[in-house]
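*Asks:* Starting off with a structure, shown below.
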Amino acid sequence: MSTAVSTFRWGVAGVSIPLPPSRQPIPVQPVAWDNLTFTPGGAYDLRRHLGVTFDELGRFNRSRNKFEAADLAWLAAGASDDGRHSLPSEQFYPEFHDLYDSVPTGVSGQQARRDFSNSVRALIWDLATQWDRATGGTTLILHTSGTTVPGSPLVPERMKSQVYIQPRFLHEHPETHATIAFLVQTFLEHIAIPTAQDWRARASRLWSLLQTSHLPAMQLPATLIPEPSSLRSAHYVFKGRPWGSLQLEAPLPAPTPPPPATASPPDEDDVYDIEDITFDADALALITAVERAEHLEHENAGLRELIESLQSTNTDLLLDAKDRKLRLPPRSTPVRPSTPVRSPPPYVGSALSPRSFATSSTASASRTLAHGLQSPSAHGLQSPSLESATSDLLSPLTDEFLADHALTHLAPAVNLILRIQVVFKWSQEVSRLPGVPSELVDGLLEAMDKDRIAAL
Numbered sequence: 008m009s010t011a012v013s014t015f016r017w018g019v020a021g022v023s024i025p026l027p028p029s030r031q032p033i034p035v036q037p038v039a040w041d042n043l044t045f046t047p048g049g050a051y052d053l054r055r056h057l058g059v060t061f062d063e064l065g066r067f068n069r070s071r072n073k074f075e076a077a078d079l080a081w082l083a084a085g086a087s088d089d090g091r092h093s094l095p096s097e098q099f100y101p102e103f104h105d106l107y108d109s110v111p112t113g114v115s116g117q118q119a120r121r122d123f124s125n126s127v128r129a130l131i132w133d134l135a136t137q138w139d140r141a142t143g144g145t146t147l148i149l150h151t152s153g154t155t156v157p158g159s160p161l162v163p164e165r166m167k168s169q170v171y172i173q174p175r176f177l178h179e180h181p182e183t184h185a186t187i188a189f190l191v192q193t194f195l196e197h198i199a200i201p202t203a204q205d206w207r208a209r210a211s212r213l214w215s216l217l218q219t220s221h222l223p224a225m226q227l228p229a230t231l232i233p234e235p236s237s238l239r240s241a242h243y244v245f246k247g248r249p250w251g252s253l254q255l256e257a258p259l260p261a262p263t264p265p266p267p268a269t270a271s272p273p274d275e276d277d278v279y280d281i282e283d284i285t286f287d288a289d290a291l292a293l294i295t296a297v298e299r300a301e302h303l304e305h306e307n308a309g310l311r312e313l314i315e316s317l318q319s320t321n322t323d324l325l326l327d328a329k330d331r332k333l334r335l336p337p338r339s340t341p342v343r344p345s346t347p348v349r350s351p352p353p354y355v356g357s358a359l360s361p362r363s364f365a366t367s368s369t370a371s372a373s374r375t376l377a378h379g380l381q382s383p384s385a386h387g388l389q390s391p392s393l394e395s396a397t398s399d400l401l402s403p404l405t406d407e408f409l410a411d412h413a414l415t416h417l418a419p420a421v422n423l424i425l426r427i428q429v430v431f432k433w434s435q436e437v438s439r440l441p442g443v444p445s446e447l448v449d450g451l452l453e454a455m456d457k458d459r460i461a462a463l
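If you want it as structure tokens, here you go:
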């Protein structure tokens, strides 16, 4: 086989793609994009257009089978909806002639066509497998090539079908084996034989078909479902049986009539998704409750994260104060009465300077927050909640803003930010609060800042 190009430089070390089998010399330049055919040569030229250079070194060689399958999918995309399904009955499709004319004649050409056909089948089987896995559905593919041994009678026992079905389905539903075998046998009797008749009629207009008197011995299937082509495969080859030799033991039950339609069916194919399933009122209420619980859990997780962040910041401030040898205002310890009473911390008045306000409030809020996160003490005292420990510290404008926008549940966290965090970190901490719309952040920060200034 002479070619105009003996090899193609792919520009990547270690990448070498053999030239496709071709009846004609392969040109140095690939065929134009719009002229690529569904043939080995078309796939080769498509890859020459696309190249093999990727960001990850060695990616093409490691995923070569995927790239080759992608090339076939690119060449085939849109064919099922291109409107070219009707032809005179005596003609093959143009793609048949493209494939036949593109490969060598004789045995090597037969092998090239067989290899190309197997690659296409593998791609279709892969797509069906992923389709079933992604949707939870079940696909059954039956294919016959139309070719038979020259001169052999067109009877079902001389036919075979390439079949795709999930091995898992076969394993979990052995009661369906007889039905599947019956479907394949029916396909061979009523579809494969007419296909073979059409193939012979069309081919006889192009070639002089050979006739042979020597036919291979028939071997009827021993089982309803044959073994897959490999242990890991979903590819099965079903061989035909004589006419009428395979019947279902009992007729299939009549389908249950559907309920009266309440609306006209859509023009397009019905495709139902999980969203199309209707639920009764109790089921909807349960689903709504579950979704609400998940939403609240998400908000709680955000608040817990914020509390941990504020505790960490408070610790840093205390360590900073210690390093600078700043003396914190002494904390008076009242005499504990016989019945424990939890008193809220006093409201910090305007007499305090910003620095003393921050340090004293930091220590108090840290102790309050730590108590709020601990379990009840050994004396049976109920630990104060975060809300009760900080409610008296709320500032009026901030409190009013939260109430106006239905955010009062965030008051404890906002108050901690106001009392503990330095001003330039307010925006970052407020933005992390769950449930605060971004358009309200600036307004909340403005209210917090006014309260801060009023407290000076």
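Residue 8 is where the sequence shown starts when you use the numbering used here, and the numbers rise one by one after that. For glycine and all other residues, C-beta sits at the position ideal for the given N, C-alpha and C. Everything numeric in this text was worked out from a predicted model, so none of it was measured.
Can you tell which of L447, T136, F189, P47 has the C-alpha that lies nearest to the C-alpha of E102?
*Replies:* Residue numbering aside, residue 102 sits at position 95 when the sequence shown is read from its first letter. Minimum Cα distance to E102 is reached at P47.
*Asks:* Given a cut-off of 7 angstroms, decide if P233 and Y243 are closer than it, judged by their beta-carbon atoms.
*Replies:* Here residue 243 refers to the residue found at position 236 of the sequence shown. Here residue 233 refers to the residue found at position 226 of the sequence shown. Yes, the Cβ-Cβ distance between Y243 and P233 is below 7 angstroms.
*Asks:* So what does DSSP say about S240, is it helix, strand or coil?
*Replies:* In the sequence shown, counting from the first residue as 1, residue 240 sits at position 233. Three-state DSSP puts S240 in coil, outside helix and strand.
*Asks:* Please classify F67: does DSSP put it in a helix, a strand, or coil?
*Replies:* Position 60 of the sequence shown holds residue 67. Correct three-state label for F67: helix.
*Asks:* Unbroken beta strand (DSSP E) runs of length 3 or more, entirely within the stretch 87 to 140: which are they?
*Replies:* Counting whole runs of 3 or more residues, the stretch 87 to 140 contains no beta strand (DSSP E) stretch at all.
*Asks:* With distances taken between CB atoms, is the gap from W433 to I427 smaller than 7 angstroms?
*Replies:* Position 426 of the sequence shown, counted from the first residue, corresponds to residue 433. Position 420 of the sequence shown, counted from the first residue, corresponds to residue 427. No. Outside cutoff.
*Asks:* Excluding the 5 residues flanking T60 on each side, which residues of the same chain have their C-beta closer than 7 angstroms to its C-beta?
*Replies:* In the sequence shown, residue 60 corresponds to position 53, counting from 1. Hits under 7 angstroms: G18, V19.
*Asks:* Just checking, does the stretch 149 to 162 make contact with the stretch 194 to 209 on the three C-beta pairs under 8 angstroms criterion?
*Replies:* Yes, the stretch 149 to 162 is in contact with the stretch 194 to 209.
*Asks:* What does a CB cutoff of less than 8 angstroms around R55 pick up in its chain, not counting 5 residues either side in sequence?
*Replies:* Here the question's residue 55 lines up with position 48 in the sequence shown. Closer than 8 angstroms at Cβ, skipping near neighbours: F15, P37.
*Asks:* From this set, K457, N307, R248, which residue's C-alpha is nearest H416's C-alpha?
*Replies:* As a first step, residue 416 is located in the sequence shown; it is residue number 409 there, counting from the start. For the residues K457, N307, R248, the minimum Cα distance to H416 belongs to N307.
*Asks:* Using DSSP with H/G/I as helix, E/B as strand and the rest coil, what is V191?
*Replies:* The count along the sequence shown starts at 1 and reaches residue 191 at position 184. Helix.
*Asks:* Compare the beta carbon distance of V430 and V437 with 7 angstroms and say whether it is the shorter of the two.
*Replies:* Here residue 430 refers to the residue found at position 423 when the sequence shown is read from its first residue. Here residue 437 refers to the residue found at position 430 when the sequence shown is read from its first residue. No. Outside cutoff.
*Asks:* Would the beta-carbon of S236 fall within 7 angstroms of that of L195?
*Replies:* Residue 236 sits at position 229 when you count from the first residue of the sequence shown. Residue 195 sits at position 188 when you count from the first residue of the sequence shown. For S236 and L195, no; Cβs fall outside 7 angstroms.
*Asks:* Do A462 and L404 have their CB atoms nearer than 7 angstroms?
*Replies:* In the sequence shown, counting from the first residue as 1, residue 462 sits at position 455. In the sequence shown, counting from the first residue as 1, residue 404 sits at position 397. For A462 and L404, no; Cβs fall outside 7 angstroms.
*Asks:* If you follow the alpha helix (DSSP H) that Q204 is part of, which residue opens it and which one closes it?
*Replies:* One-based indexing of the sequence shown puts residue 204 at position 197. It spans 200 to 211 - the alpha helix (DSSP H) in which Q204 sits, taken as one unbroken run.
*Asks:* Tell me which residues share the same chain as L130 and place their Cβ nearer than 7 angstroms to its Cβ, disregarding the 5 neighbours each side in the sequence.
*Replies:* For the purposes of this step, residue 130 is taken as residue 123 along the sequence shown, with counting starting at 1. Closer than 7 angstroms at Cβ, skipping near neighbours: A76, L79, A80.
*Asks:* I need the boundaries of the alpha helix (DSSP H) containing I427, first residue and last residue.
*Replies:* Position 420 of the sequence shown, counted from the first residue, corresponds to residue 427. Run containing I427: 418 to 427, per the alpha helix (DSSP H) assignment.
*Asks:* Going by beta carbon distance, what residues of the same chain come within less than 8 angstroms of V170, once the five residues before and after it are set aside?
*Replies:* Working through the sequence shown from its first residue, we reach residue 170 at position 163. The residues are L147, I148, L149, H150, V191, H242, Y243, V244, F245.
*Asks:* By the DSSP assignment, the beta strand (DSSP E) with K167 in it spans what residues?
*Replies:* One-based indexing of the sequence shown puts residue 167 at position 160. Segment 167 to 171, the beta strand (DSSP E) holding K167.
*Asks:* DSSP three-state call for F431: helix, strand or coil?
*Replies:* Residue mapping note: residue 431 aligns to position 424 of the sequence shown, counting from 1. Note: F431 maps to helix in three-state DSSP.
*Asks:* Taking DSSP as the reference, what is the three-state secondary structure of H150?
*Replies:* Position 143 of the sequence shown, counting from 1, holds the residue named residue 150. Strand at H150.
*Asks:* What's the gap between the Cα of T322 and the Cα of E312?
*Replies:* Against the sequence shown, residue 322 aligns to sequence position 315. Against the sequence shown, residue 312 aligns to sequence position 305. Distance between the alpha carbons of T322 and E312: 15 angstroms.
*Asks:* Taking only heavy atoms of the ligand FMN into account, decide whether any of them is closer than 6 angstroms to the Cβ of A119.
*Replies:* What this structure holds is no ligand at all, so the ligand FMN is not there to describe.
*Asks:* Does the distance from the CB of V110 to the CB of A119 come in under 7 angstroms?
*Replies:* The residue given as residue 110 occupies position 103 in the sequence shown. The residue given as residue 119 occupies position 112 in the sequence shown. Yes, these two residues count as a Cβ contact at 7 angstroms.
*Asks:* Check for me: the alpha helix (DSSP H) holding H178 runs from which residue to which?
*Replies:* Here the question's residue 178 lines up with position 171 in the sequence shown. That run of the alpha helix (DSSP H) goes 174 to 179.
*Asks:* Buried or exposed: M166, going by 16 or more other Cβ atoms within 10 Å of its Cβ?
*Replies:* Looking up residue 166 in the sequence shown gives position 159. It counts as buried.
*Asks:* Which of the three DSSP states, helix, strand or coil, is assigned to F245?
*Replies:* Locating residue 245 in the sequence shown gives position 238, counting from the first residue. F245: strand per DSSP, three-state reduction.
*Asks:* Measure the beta-carbon distance from F408 to L440 and round it to whole angstroms, keeping in mind my assumption that it falls under 8 angstroms.
*Replies:* Stepping through the sequence shown from its first residue, residue 408 is reached at position 401. Stepping through the sequence shown from its first residue, residue 440 is reached at position 433. Not confirmed; about 13 angstroms, so no contact.
*Asks:* At which residues does the alpha helix (DSSP H) containing H56 begin and terminate?
*Replies:* Taking the sequence shown and counting its residues from 1, the one referred to as residue 56 is at position 49. Here the alpha helix (DSSP H) through H56 covers 47 to 57.
*Asks:* Return the first residue and the last residue of the alpha helix (DSSP H) that I460 is part of.
*Replies:* Along the sequence shown, one-based indexing puts residue 460 at 453. Note, I460: alpha helix (DSSP H), 445 to 462.
*Asks:* Going by C-alpha distance, which of L317, H302, R175 is nearest R239?
*Replies:* Counting from 1 along the sequence shown, the entry for residue 239 is found at position 232. Closest by alpha carbon: R175.
*Asks:* At the level of alpha carbons, what is the spacing between I294 and E304?
*Replies:* Residue mapping note: residue 294 aligns to position 287 of the sequence shown, counting from 1. Residue mapping note: residue 304 aligns to position 297 of the sequence shown, counting from 1. When rounded, the distance between both Cα atoms is 15 angstroms.
*Asks:* Closest to P25 by C-alpha separation, out of D41, P34, Y51, V35, would be which residue?
*Replies:* Along the sequence shown, read from residue 1 onward, the residue named residue 25 stands at position 18. For the residues D41, P34, Y51, V35, the minimum Cα distance to P25 belongs to Y51.
*Asks:* Would you report the Cα separation of A296 and I187, rounded to the nearest angstrom?
*Replies:* Within the sequence shown, residue 296 is the residue found at index 289, counting from 1. Within the sequence shown, residue 187 is the residue found at index 180, counting from 1. Their backbone Cα atoms lie some 44 angstroms apart in a straight line.
*Asks:* Spatial neighbours of M225 within its chain, please: CB distance less than 6 angstroms, with the 5 preceding and 5 following residues excluded, ordered by chain position.
*Replies:* Here residue 225 refers to the residue found at position 218 when the sequence shown is read from its first residue. Here the set comprises E164.
*Asks:* Under three-state DSSP, which class holds H184?
*Replies:* Translated into positions along the sequence shown, residue 184 becomes position 177. Three-state result, H184: helix.
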